[in-house]
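In what follows, a single structure is set out as structure tokens and then discussed.
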Amino acid sequence: MKTAQNTYSKFSQEQVDRIFKAAAIAANKMRIPLAKMAVEDTGMGVLEDKIIKNHFASEY
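Taking my numbering, I'd label the letters of the sequence shown as residues 46 to 105.
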């Protein structure tokens, strides 16, 4: 963990922005399967609402 932390601490803001943008895009692409897993695992929630929540969480 400390090695990764040390490496990331030297990244420029542009590099950090690219990493987080890639993570957000990946999360958005998986918003439906992630929502399905959440509903199946917990037995709670409305699938469509979780999809919308995942979309906004990954975009903003």
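Note that beta-carbon positions come from the ideal geometry of N, C-alpha and C, so glycine has one too.
In the three-state reduction of the DSSP assignment, F56 falls in the coil class. Ranked by Cα distance from K98, the options N73, D62 and E85 are led by N73.
Exclusion of the five residues before and after R76 leaves I96, N99, H100 and S103 as the residues of its chain whose Cβ lies within less than 8 Å of its Cβ. In this structure, the alpha-carbon of T87 lies about 34 Å from that of Y53. Counting along the chain, V91 sits inside no alpha helix (DSSP H), nor does DSSP assign it H or E at all.
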